[in-house]
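Novice:
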Amino acid sequence: MNMLADFYHPDVLHEDHLYSASGIYKQISSESDHAGYLAYIRGLPINDLPEVFGLHDNANITFAQNETFALLGDLLKLQPKTSSAAAGSLSREEIIEGVANDLLQKCPAPFNIQEVSKQYPVLYEQSMNTVLIQEAIR
């Protein structure tokens, strides 16, 4: 309820109201034109800063650490669990190479973009053809 009180009160109607201490998140002037709105939007950070949610700046650090731990944990799960005591067993590198080769064999062949473009030309009337070509390129 405390967070709602920060955004739902009479002060937000004033043009000089700031939603954050840094001043990045502020009230847009009611007299702004289209270019003014676009300039404000372009000035916003791509990733919201913790301060807009009432969090400390260290929240970004904690988030990054958690993401790193999750990534490293997933990488550790990819490691094969083999014992080197078994006679005739494969080395880690050979196991990883085998898994990588299996994955490569399961991957479909790339699309022939020229052939797809011939069959589904990019036309104004057929906007889905444009999407199809873009997805085939990916």
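Position 31 of the sequence shown, counting from 1, maps to 88 under this note's numbering, and the rest follow consecutively. Idealized CB from N, CA, C, for every residue including glycine.
1. Say whether the stretch 76-96 touches the stretch 124-139, bearing in mind that this needs 3 or more beta-carbon pairs closer than 8 angstroms, one atom from each stretch.
2. By the DSSP assignment, the alpha helix (DSSP H) with G155 in it spans what residues?
3. Would you call the stretch 66-80 in contact with the stretch 102-110, where contact means no fewer than 3 C-beta pairs closer than 8 angstroms?
4. Could you please give the first and the last residue of the uninterrupted alpha helix (DSSP H) stretch that includes G130?
5. For the candidate residues L180, S89, I153 and D159, whose alpha-carbon lies nearest to that of L132?
6. Going by DSSP, name the residue or residues bridged to K83.
7. Return the CA-CA distance between S146 and G130, expressed in angstroms with no decimal places.
Specialist: Result, derived from the coordinates:
1. no
2. Taking the first residue of the sequence shown as position 1, residue 155 is located at position 98. Element bounds for G155: R149 to K163.
3. yes
4. Here residue 130 refers to the residue found at position 73 when the sequence shown is read from its first residue. G130 -> alpha helix (DSSP H) spans N115 to L135.
5. Numbered from its first residue, the sequence shown carries residue 132 at position 75. Answer by Cα proximity: I153.
6. Locating residue 83 in the sequence shown gives position 26, counting from the first residue. Per DSSP, L75.
7. Taking the first residue of the sequence shown as position 1, residue 146 is located at position 89. Taking the first residue of the sequence shown as position 1, residue 130 is located at position 73. About 25 angstroms.
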